[in-house]
Amino acid sequence: MDYIDSGIVKTYHENCQLSTKSNFKDGRPDGLMETYRECGSLFSRENFIDGKKEGLTEKYYDSGEVWIAENHKDGVYHGLVEYFNKDGT
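The letter at position 57 of the sequence shown is residue 56 when you use numbering that gives the first Met the number 0, and the numbering goes up by one with no holes.
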């Protein structure tokens, strides 16, 4: 990926499906970043402030249910990390 200072960056898998969509500010991730599997399903959503993870990160099963929910503060784990079965338990 080429360097980008600010704006929305999209990358793609070899099969032309969207791989990532992220916001950048001053050359660092800032805001929502979404990651997708080659089949097109959403894999993760995470938030960044000044290049560091901040707040809730969720990872998903192929079917769309939440697999992992974790919190970050200033780029490190902060608080509860939850793992879920496909049925939501």
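Glycine included, C-beta positions come from ideal geometry on N, C-alpha and C. It should be emphasised that the depicted structure is a prediction, and the values quoted were computed from it without experimental measurement.
To the nearest whole angstrom, what separates the beta carbons of residue 74 and residue 52, a pair I think is in contact under 8 Å? For this step, residue 74 is matched to residue 75 along the sequence shown. For this step, residue 52 is matched to residue 53 along the sequence shown. Contact holds; Cβ gap of about 5 Å.
Does DSSP put residue 85 in a helix, a strand or coil? Residue 85 sits at position 86 when you count from the first residue of the sequence shown. Coil at residue 85, not helix or strand.
Which of the three DSSP states, helix, strand or coil, is assigned to residue 59? Reading the sequence shown from its first residue, position 60 is the one you call residue 59. Residue 59: strand per DSSP, three-state reduction.
So, for residue 42: in the same chain, excluding its five sequence neighbours on each side, which residues have a beta-carbon less than 7 Å away from its beta-carbon? Counting from one through the sequence shown, the residue named residue 42 turns up at place 43. Excluding residues up to 5 positions away in sequence, 34, 35, 36, 58, 59 lie with their Cβ nearer than 7 Å to the Cβ of residue 42 in the same chain.
Contact defined as beta carbons within less than 8 Å: I believe residue 11 pairs with residue 18. What is the distance between those atoms, to the nearest angstrom? Reading the sequence shown from its first residue, position 12 is the one you call residue 11. Reading the sequence shown from its first residue, position 19 is the one you call residue 18. With a Cβ gap of about 5 Å, residue 11 and residue 18 count as contacting.
First and last residue of the beta strand (DSSP E) that includes residue 6? Within the sequence shown, residue 6 is the residue found at index 7, counting from 1. Judged by DSSP secondary structure, residue 6 falls within the beta strand (DSSP E) whose first and last residues are 6-11.
Out of 78, 48, 50, 85, point me to the one whose CA is closest to residue 65's CA. Your numbering for residue 65 matches position 66 in the sequence shown. Residue 65 has its Cα closest to that of 85, out of 78, 48, 50, 85.
Distance between residue 29 and residue 70 (C-alpha atoms, nearest Å): Reading the sequence shown from its first residue, position 71 is the one you call residue 70. Reading the sequence shown from its first residue, position 30 is the one you call residue 29. If you take the alpha carbons of residue 70 and residue 29, they lie about 16 Å apart.
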